[in-house]
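Engineer: Heads up: the sequence shown begins at 15 in this note's numbering, then just goes up one per residue.
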Amino acid sequence: MADASGDPAVFSAAALPADPRLLPTLTNACLGTRLYRDVLHLNGVYNGAAGDTHRADVPSPLNVRMGLPGGRPAETFTLDTRAGTFSHVLRAADCTATHQLYAHHSLVHLMASSITIRRSAHATRPVTVQLQTPFVPKSQDLDLKQGPDFQGAHYVYGQTLVPEAAGGPRPTVHMLWTPVPPALTLPEGERERCWQFLTAVADSREEAERSYGEGLALAAAGSLHASHVQAWAARWDSCGVELDAPLALRKALRGGLYYLLSAIPPQGSPGFPFHGISPGGLSNGTQGEDYWGHVFWDQDTWVFPNILLFYPDAARAILEYRIRRLEGALHNAREQGYEGAKFPWESAATGREVCPEEIYGAQEIHVTGDVVMAFEQYYCTTQDQQLFREEGGWELVAAAAQYWCSRMVWSEEERCYHITGVMPPDEYHDRVDNSVYTNAVAQRSLNFAADVARDFLIPVPEEWVDCAEKVKVPFDAEKQYHPEYDGYSPGEPVKQADVVLLGFPLMHPMSPNVRRNDLEMYEPVTTRDGPAMTWSMFAVGWLELKELQRAQSQLNKCFSNITEPFKIWVENADGSGAVNFLTGMGGFLQAILFGCTGFRITRSSLRFDPALPPDINGLTVTGVSYLGNKLQFSITREDTRIRVTACAREPPACPLEAVLEASGQRWPLREGQSVSFPTAAGWIQRCP
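(1) Go ahead and pull the three-state DSSP assignment for phenylalanine 573.
(2) When you compare each of Val423, Leu40 and Ser525 to lysine 484 by their alpha carbons, which one comes out closest?
(3) What residues in its chain sit with their C-beta under 6 Å from that of leucine 190, if we drop five residues either side in the sequence?
(4) Grab me the residues of asparagine 434's own chain with a C-beta within less than 6 Å of its C-beta, minus the 5 sequence neighbours each way, in chain order.
(5) Compute the Euclidean distance between the alpha carbons of serine 619 and aspartate 33, then round it to the nearest angstrom.
(6) Can you list, in chain order, the residues of its chain with a C-beta nearer than 8 Å to that of leucine 333? Leave out the 5 residues immediately preceding and following it.
(7) Using the Cβ count rule (16 or more neighbours within 10 Å means buried), how would you classify serine 590?
(8) Touching or not, the stretch 657–674 and the stretch 354–368, by the rule of three or more beta carbon pairs under 8 Å?
(9) Measure the C-alpha to C-alpha separation of glutamine 687 and threonine 659 and round it to an integer number of angstroms.
(10) Based on DSSP bridge pairs, tell me the residues matched to methionine 189.
(11) If you run the structure through DSSP and keep just helix, strand and coil, what is valine 368?
(12) Return the chain-ordered ranges of every alpha helix (DSSP H) run that is complete within the stretch 532–589 and spans a minimum of 4 residues.
(13) Tell me which residues share the same chain as leucine 674 and place their Cβ nearer than 7 Å to its Cβ, disregarding the 5 neighbours each side in the sequence.
(14) Quick check: the stretch 502–513 against the stretch 534–541, are at least 3 beta-carbon pairs closer than 8 Å?
(15) Determine whether the beta carbon atoms of histidine 102 and histidine 113 lie at a separation below 8 Å.
(16) Let me know the beta strand (DSSP E) ranges lying completely inside the stretch 649–693, each 3 residues or longer, listed in chain order.
(17) By Cβ distance below 7 Å, which residues in the same chain neighbour leucine 238 in space, the five residues on each side in sequence not counted?
(18) Please tell me whether phenylalanine 595 and glutamate 585 are closer than 8 Å, where the distance is taken between their beta carbons.
(19) Anyone know if the C-beta pair for proline 22 and arginine 249 falls short of 8 Å?
(20) Rounded C-beta distance between asparagine 61 and threonine 174? I'm assuming under 8 Å.
(21) The beta strand (DSSP E) with alanine 27 in it runs from where to where?
(22) Name the DSSP bridge partner or partners of leucine 198?
(23) On the criterion of 16 or more Cβ atoms from any shown chain inside 10 Å, does glutamine 457 qualify as buried, or is it exposed?
(24) Can you tell me which residues form a DSSP beta bridge with leucine 104?
(25) Taking cysteine 109 and arginine 132 to be in contact with their CB atoms under 8 Å, please state how far apart those CB atoms are, rounded to whole angstroms.
(26) Between the alpha carbons of leucine 145 and arginine 79, how many angstroms are there, rounded?
(27) With DSSP as the reference, identify every bridge partner of arginine 700, one or two as the case may be.
(28) Can you give me the start and stop residues for the beta strand (DSSP E) that proline 326 sits inside?
(29) With H, G and I counted as helix, E and B as strand and the rest as coil, what does DSSP make of tyrosine 451?
(30) Identify every run of the alpha helix (DSSP H) within the stretch 438–502, keeping only runs that are complete inside it and at least 4 residues long; order them along the chain.
(31) Between which two residues does the alpha helix (DSSP H) containing arginine 48 stretch?
(32) Find the nearest neighbour of arginine 105 within the set Val122, Leu82 and Thr650, judged by alpha-carbon distance.
(33) Might you give, ordered along the chain, the residues of its own chain that have their beta carbon closer than 6 Å to the beta carbon of arginine 336, omitting 5 neighbours on each side?
(34) Just how far apart, CA to CA, sit proline 579 and glycine 181?
(35) Suppose you measure from the CA of aspartate 511 to the CA of glutamate 492; what does that come to, to the nearest Å?
(36) Kindly indicate which three-state DSSP category arginine 429 falls into: helix, strand or coil?
Pasting the structure below:
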């Protein structure tokens, strides 16, 4: 069941995977389902108390299968990522029937399908297509009631059954859908006909009716699907990664980017009420599946940097999700006896901890630092002070700093601060002291909080500076490497990327020799079949050190987690864990977008230091956002070209220049102009 298309943007096959989990997902920022699945989800709508809370299942009218009576027509199943559309095509001697499905990319409360029957030139008799759907408007999570029809659509609505927190809200879901008949017939004498079926789902009747009505008007004008394709075309026009590389690698990259872009808010929608990105995406998250649709550090550490690079407005919406849940984070800290804000290991509607297993919620506290690191990356890339001064960003960063200070204990023996009793990213170990990743990300949080305070002329609490300077970051001076935690013995098995994250994304100061030692210490003891994002981070490390063949071998491991033909990622190489694992895709994309380019976001610049593994001869990254400018980088082993493709007008973009590290040579970067130089390390900065 290999992907038969030679186009990197199109995934096609003559048969579907036997495992329904590996069918393509249809999602936008608000709605998500999986092909031929009987439920869909509305983002932010959960049912169940505390650790039992999960995405509320909404019955899906889109689960329709098409068939032709008699014979065995040729079948093709295609996911076109340019158009954001799945197609099932049946070809018989007398006709072709095409079923298209999509989650509308700009009308985000709308999902749509169409069936087109086209008669062959020589045929004259009526053609009938049979439709099978198990749809029943009932849900295990909603008290659905039937309402009056609306413009030919059926209507149900209902609240979730159990709030996340006692006495909390129970959101209401409203759904309108076009009823699906058991069969469609193209009458004699008619060459072609298309039937449209719409589903609108929202948290208010008004929004559901508005979306359905708008979709109906576009369908009547013959432009519903065209408007969706146009929205995707605009998305791809402002974001692109083109590789001179084998087709399999180009398809893997395109698939990962497509599924991530399917999950973010539509362009030109400031203030969009976004509800976060879970590891398995919006199509998954039913009770007992894909972590119940909860939001983890996966969003902030693994997915966010890719979104920020191209779409700072969408990145901002992810940060606003965390700001809106700050009250929950403050509650989490108080409940554990600490000050400030402790972000939950698993987040849903309120920001309170909803992890069903207490050990993770209590101990995997590095997530608070991961959240703040996303805020730091955004701040450095955009200089958007409004988010911090007026919209809660500063309060969040300060509350996280307060948490870290209250979580540290002073060791008289070592004359430094310890963070004790934690679980590091490597979940094989718990209740350890001084997880090197946890302590380093806490230090980074405190330093960033102090930097922002200085920018805003706010007095910096001495405690922040003291804790940042004196927190222990374990280091073995004899072996010149970072132990994972106090008492770690070299050779102990590790579940996933942990210490290697110090180099990237933390950019913790260390020599190339120490960076190499960390990679060589942990690569052989990391579980081969562990979470998919791990090997991407080893690849980034080896690219940093210009060990190109070793980087290639790590990238190759990622393909064990990519399934055919629709490039659906599984969390673990044995097929277990979350499916359509956006976290793994995010790591893989970072290996290209930050590894091959050497991009590093710093307080004063966007650094670059390209390194291409053997399978990649060149790459072009279009739409890189930095301080209001859109940049294009074209990189080969010999030359690099940088071009400013657009500049923001309001607020005006900062004038930029490119600087080479070795020579100090500078070039002003002006809109519409390119600069070229032999490939080498350097940075982009605002003009002095």
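Note that the Cβ used here is the ideal one computed from N, Cα and C, for glycine as well.
Structural biologist: Taking the definition as stated:
(1) The three-state secondary structure of phenylalanine 573, taken from DSSP, is helix.
(2) Considering only alpha carbons, the answer is Val423.
(3) Answer for leucine 190: Phe164, Ala167, Tyr169, Ala214, Ala222 and Tyr226, listed in chain order.
(4) The question names asparagine, yet the displayed sequence has threonine at residue 434. Sequence-distant Cβ neighbours of threonine 434 in its own chain, meaning closer than 6 Å and more than five residues away, are Asp447.
(5) Their Cα atoms are separated by approximately 46 Å.
(6) Cβ neighbours of leucine 333 beyond the five flanking positions: Ala388, Phe389, Tyr392, Leu401 and Gly407.
(7) Serine 590 comes out exposed.
(8) No, because fewer than three Cβ pairs between the stretch 657–674 and the stretch 354–368 fall closer than 8 Å, the two stretches do not touch.
(9) Those two C-alpha atoms are separated by around 8 Å.
(10) By DSSP's assignment, methionine 189 forms a beta bridge with Val170 and Val215.
(11) In the three-state DSSP reduction, valine 368 falls in the coil class, being neither helix nor strand.
(12) DSSP runs (the alpha helix (DSSP H)) wholly in the stretch 532–589: 548–558 and 562–571.
(13) Scanning its chain for C-beta atoms nearer than 7 Å, with the 5 sequence neighbours on each side dropped, one finds around leucine 674 the residues Phe691, Ala694 and Gly696, in chain order.
(14) Taking 8 Å as the limit for Cβ pairs, the verdict is that the stretch 502–513 does touch the stretch 534–541.
(15) Their beta carbons are under 8 Å apart, which means histidine 102 touches histidine 113 by this criterion.
(16) The qualifying runs are 653–661, 670–674, 680–683 and 688–692.
(17) Excluding five sequence positions before and after leucine 238, the CB atoms of its chain that fall closer than 7 Å to its own CB belong to Ala126, Gln210, Gly229 and Leu232, given in chain order.
(18) Yes, they are a contact pair.
(19) Against a cut-off of 8 Å, the Cβ pair of arginine 249 and proline 22 comes out as no contact.
(20) 4 Å between Cβ atoms; contact.
(21) For alanine 27, the enclosing beta strand (DSSP E) has its first and last residue at 24–27.
(22) DSSP lists Val143 as partners of leucine 198.
(23) Here glutamine 457 is buried. Its C-beta has 16 or more other C-beta atoms within 10 Å.
(24) Answer is Glu89 and Ala111, bridged to leucine 104.
(25) Contact between cysteine 109 and arginine 132 holds, with the beta-carbon distance rounding to 6 Å and staying under 8 Å.
(26) Taking the straight line from one Cα to the other gives about 6 Å.
(27) According to DSSP, arginine 700 bridges with Leu670.
(28) Where proline 326 is concerned, there is no enclosing beta strand (DSSP E), although the alpha helix (DSSP H) it sits in stretches over 326–338.
(29) Reduced to three states, the DSSP call for tyrosine 451 is helix.
(30) Taken in chain order, the whole alpha helix (DSSP H) runs of length 4 or more contained in the stretch 438–502 are 450–469 and 476–484.
(31) Per DSSP, arginine 48 belongs to no alpha helix (DSSP H); it is in the beta strand (DSSP E), 45–48.
(32) Closest option to arginine 105, Cα to Cα, is Leu82.
(33) Excluding positions up to five away in sequence, the list reads Val385.
(34) So the alpha carbons of these two residues sit roughly 46 Å apart.
(35) Before going further, note that residue 511 is alanine rather than aspartate in the sequence given. Answer to the nearest angstrom: the Cα atoms are 23 Å apart.
(36) In the three-state DSSP reduction, arginine 429 falls in the coil class, being neither helix nor strand.
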